[in-house]
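Asker: One structure coming up, written as structure tokens, with questions to follow.
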Ligand code: G4P
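Right, dumping it as structure tokens:
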């Protein structure tokens with residue numbers, strides 16, 4: 001393989017994740033993207049969701065069945081000469097650290113909004129994560145076949161609540177029962193919506209301009225007049241789309257559609273592969289590492305007990321540079337140990353497929369006999385280390401202990417492995433006598449934790465909520481911390497304090513100026 005073959009593979013890679021509030025249509029869009037990419041042949045095969053209403057118990061059984069949205073970490077397909085990797089962000093109601101970690105492996109993100117609901121709480125949180133990483137974000141406004149908010153208001157909402165400029169690349173013609181399709185503002189074409197035949201698309205119709213009388217025939221006089229007015233407003237009030245500003249994370253291109261009827265997804269995909277960036281350089285302690293450099297990859301996600309058939313642990317590696325080959329010798333840079341990457345695979349539903357070759361942007365699963373941690377690097381060079389791997393701040397804290405004391409060993413193992421995956425964070429009281437405290441961003445994480453401890457480790461838990469609401473890591477290793485009851489340690493043994501409120505935190509900080517509280521959680 002020559003360097004130019006490697007560049008070719010890098011340039012055609014697009015690795016992205018979807019961020020959305022639950023129910024906005026992430027699963028549906030994923031299915032449709034896979035359908036266009038030829039990775040599946042029938043919509044509905046991503047998760048068996050027939051009749052599912054996304055209740056907690058559905059999610060639990062999905063978790064039990066380990067459907068694709070949970071087992072896999074990236075779905076890949078080819079489209080228009082590009083190799084697309086769609087990273088899977090867990091679709092449950094509560095945000096978890098797992099999602100955050102997954103976003104560290106993406107080069108861009110697709111934000112899916114429900115046209116009636118606009119920007120919702122979870123969208124904001126996930127958006128902020130992408131923003132911090134500086135990755136470009138595309139927007140798909142979904143469910144246009146249902147009554148929607150005014151598209152100008154939606155754009156304004158995106159701009160106001162997310163502080164990013166929103167530039168439409170397509171524009172909806174009507175909504176709900178009056179939805180006729182979208183006008184492609186770049187290509188001056190109308191993509192017509194076909195309500196009758198679910199899932200079938202009609203070829204786009206090119207028009208000379210938005211004033212073309214042919215449009216009246218296509219969408220009706222009233223809709224045409226409205227479209228003309230809208231386009232005039234867009235052209236007058238919205239700056240044209242600037243690809244550079246998009247790549248810098250300052251502008252989001254906006255597409256409208258209806259994923260359930262396949263409408264607008266293919267057009268989005270064809271623009272996405274052209275607009276979205278290929279793999280970016282990796283930030284390391286020694287500066288930026290180009291994707292063209294010799295092989296390096298980093299672990300962004302761990303998962304234990306992927307399926308009942310394979311009760312082992314998998315480390316997901318994002319290739320950051322160079323060409324990956326199965327069986328290659330690399331250095332595990334944290335320990336300096338040499339490793340042979342012989343058991344690498346991709347995952348699709350319950351099946352594993354060995355992977356022989358992969359390129360920057362690709363994700364491979366490595367069987368992990370306890371060697372890997374999040375943020376670990378494997379490389380042909382022994383000097384590559386990540387700058388840090390961010391973690392999230394928990395907001396809920398429960399004390400946990402096994403119901404049956406003879407299960408202590410399994411309890412410890414489960415606790416450590418699930419914390420490693422990011423299901424919860426663990427805090428150990430320093431006196432060793434009290435129960436560990438687990439921290440989560442959302443309550444559902446506790447239920448998932450309890451369920452998995454039981455299913456996978458055979459441990460029944462007693463969980464009790466605590467009054468703690470705020471956590472702060474401490475700078476340095478302050479003396480005499482043992483005098484504080486709320487002093488705990490994280491899983492790396494670093495000093496942490498828990499508080500019942502931000503008032504409690506402020507009070508403690510005033511009383512003890514010798515303690516320095518870090519504003520952000522410590523990196524992993
Ligand atoms: P999520 O992964 O973001 O949680 O959303 P998901 O795709 O599961 O979609 C949530 C609900 O919205 C589903 O309905 C889905 O069918 C519906 N939906 C998705 N895209 C569209 C769209 O473009 N138009 C309309 N009208 N509906 C859409 P559900 O009743 O919860 O599930 P199901 O029984 O239909 O599968």
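Residue numbers (the working numbering): 1 to 524.
Using N, Cα and C, we set each Cβ at its ideal position, and we do this for glycine too.
In this text, all values refer to a predicted model and were calculated from it rather than measured experimentally.
Going by Cα to Cα distance, which pick from 477, 492, 516, 467 is closest to residue 499?
Answerer: Looking at the Cα atoms, 467 is the closest of the given residues.
Asker: Please report how far the alpha carbon of residue 357 lies from the alpha carbon of residue 324, in whole angstroms.
Answerer: Approximately 5 Å, taken between the alpha carbons.
Asker: Give a yes or no on whether the C-beta atoms belonging to residue 170 and residue 263 are separated by under 8 Å.
Answerer: Going by C-beta atoms, residue 170 is not nearer than 8 Å to residue 263.
Asker: Can the beta-carbon of residue 74 be found less than 8 Å from the beta-carbon of residue 86?
Answerer: Yes, the Cβ-Cβ distance between residue 74 and residue 86 is below 8 Å.
Asker: Taking the straight line between their C-alpha atoms, what separation do you get for residue 517 and residue 395?
Answerer: Using only the alpha carbons, I get a separation of about 16 Å.
Asker: Closer than 7 Å to a non-hydrogen atom of the ligand G4P - does that hold for the CB of residue 25?
Answerer: Result yes, Cβ under 7 Å from the ligand G4P.
Asker: Please report how far the alpha carbon of residue 77 lies from the alpha carbon of residue 266, in whole angstroms.
Answerer: Each residue's Cα considered, the two are about 14 Å apart.
Asker: Between which two residues does the beta strand (DSSP E) harbouring residue 512 extend?
Answerer: Unbroken run through residue 512: none, as it is neither H nor E.
Asker: Per DSSP, residue 526 forms a beta bridge with which residues?
Answerer: Past the edges of the chain, shown from 1 to 524, lies residue 526, and the structure says nothing about it.
Asker: What are the start and end residues of each continuous beta strand (DSSP E) run of 3 or more residues lying completely inside the stretch 188-253, in chain order?
Answerer: Taking only runs of at least 3 residues, the beta strand (DSSP E) segments lying wholly in the stretch 188-253 are 189-192.
Asker: Between the alpha carbons of residue 239 and residue 140, how many angstroms are there, rounded?
Answerer: Distance between the alpha carbons of residue 239 and residue 140: 19 Å.
Asker: Return the CA-CA distance between residue 135 and residue 37, expressed in angstroms with no decimal places.
Answerer: Roughly 23 Å between the two C-alpha positions.
Asker: Are the beta-carbon atoms belonging to residue 314 and residue 367 less than 8 Å from one another?
Answerer: Result yes, Cβ atoms of residue 314 and residue 367 sit closer than 8 Å.
Asker: Does the distance from the CB of residue 279 to the CB of residue 15 come in under 8 Å?
Answerer: Yes; because the gap between Cβ atoms is below 8 Å, this pair is in contact.
Asker: What residue range does the beta strand (DSSP E) around residue 329 cover?
Answerer: 328-332 is the span of the beta strand (DSSP E), which, as asked, contains residue 329.
Asker: Can you tell me whether residue 376 is buried or exposed? The criterion is at least 16 other CB atoms within 10 Å of its CB, across all chains shown.
Answerer: So residue 376 counts as buried.
Asker: Counting C-beta neighbours from all protein chains within 10 Å, is the total for residue 398 16 or more, i.e. buried, or is it exposed?
Answerer: Its Cβ being crowded by 16 or more others within 10 Å, residue 398 is buried.
Asker: Rounded to the nearest angstrom, what separates residue 331 and residue 432 at their Cα positions?
Answerer: Straight-line Cα distance between these residues: approximately 36 Å.
Asker: Is DSSP giving residue 325 helix, strand or coil here?
Answerer: In this structure, residue 325 counts as strand in the three-state DSSP scheme.
Asker: Does the Cβ of residue 177 have 16 or more other Cβ atoms within 10 Å, making it buried, or fewer, making it exposed?
Answerer: The residue is exposed, with fewer than 16 neighbouring Cβ atoms inside 10 Å.
Asker: Could you give the residue range of the beta strand (DSSP E) that holds residue 366?
Answerer: Segment 363-367, the beta strand (DSSP E) holding residue 366.
Asker: Identify every run of the alpha helix (DSSP H) within the stretch 431-475, keeping only runs that are complete inside it and at least 4 residues long; order them along the chain.
Answerer: Within the stretch 431-475, the complete alpha helix (DSSP H) runs of at least 4 residues are 444-457.
Asker: As an exercise, report each continuous beta strand (DSSP E) stretch of at least 3 residues that is fully enclosed by the stretch 373-430, in chain order.
Answerer: The stretch 373-430 contains these whole beta strand (DSSP E) runs: 377-379, 396-402, 425-429.
Asker: Count the other C-beta atoms from every protein chain shown that fall within 10 angstroms of the C-beta of residue 297, then say buried if there are 16 or more, exposed otherwise.
Answerer: By the neighbour-count rule (16 or more Cβ atoms within 10 Å), residue 297 is buried.
Asker: Would you say residue 260 touches the ligand G4P, meaning its beta carbon is less than 7 Å from a heavy atom?
Answerer: It does: the Cβ of residue 260 is within 7 Å (strictly closer) of some heavy atom of the ligand G4P.
Asker: Between the Cα of residue 150 and those of 227, 299, 27, spot the shortest distance and give me the residue it belongs to.
Answerer: Of the candidates 227, 299, 27, the one whose C-alpha sits nearest the C-alpha of residue 150 is 227.
Asker: I want to check one thing, is the minimum distance from the CB of residue 146 to the heavy atoms of the ligand G4P below 7 Å?
Answerer: Yes, the ligand G4P has a heavy atom inside 7 Å of this Cβ.
Asker: Express the C-alpha separation of residue 232 and residue 363 in angstroms, rounding to a whole number.
Answerer: Cα to Cα, the separation comes out at about 44 Å.
Asker: Are there 16 or more other CB atoms within 10 angstroms of the CB of residue 404, so buried, or fewer, so exposed?
Answerer: Per the 10 Å Cβ criterion, exposed.
Asker: Put residue 371 into one of helix, strand or coil per three-state DSSP.
Answerer: Coil at residue 371, not helix or strand.
Asker: Per DSSP, what kind of secondary structure is residue 62 in: helix, strand or coil?
Answerer: Confidence is the limiting factor: at residue 62 the pLDDT is only 37, short of 50, which leaves the residue's position unreliable, though a coordinate-based value still follows. Residue 62 falls in the helix class under three-state DSSP.
Asker: Exposed or buried, residue 2, counting other C-beta atoms within 10 Å across all chains shown (16 or more means buried)?
Answerer: By the neighbour-count rule (16 or more Cβ atoms within 10 Å), residue 2 is not buried but exposed.
Asker: Does the Cβ of residue 124 have 16 or more other Cβ atoms within 10 Å, making it buried, or fewer, making it exposed?
Answerer: With fewer than 16 Cβ atoms within 10 Å of its Cβ, residue 124 is classed as exposed.
Asker: Is DSSP giving residue 15 helix, strand or coil here?
Answerer: It is a strand residue.
Asker: My output table needs one value for residue 21: the three-state DSSP class, helix, strand or coil.
Answerer: Note: residue 21 maps to coil in three-state DSSP.
Asker: If contact is defined by three or more beta carbon pairs under 8 Å, each pair taking one atom from either stretch, is the stretch 99-115 in contact with the stretch 16-31?
Answerer: The stretch 16-31 is in contact with the stretch 99-115.
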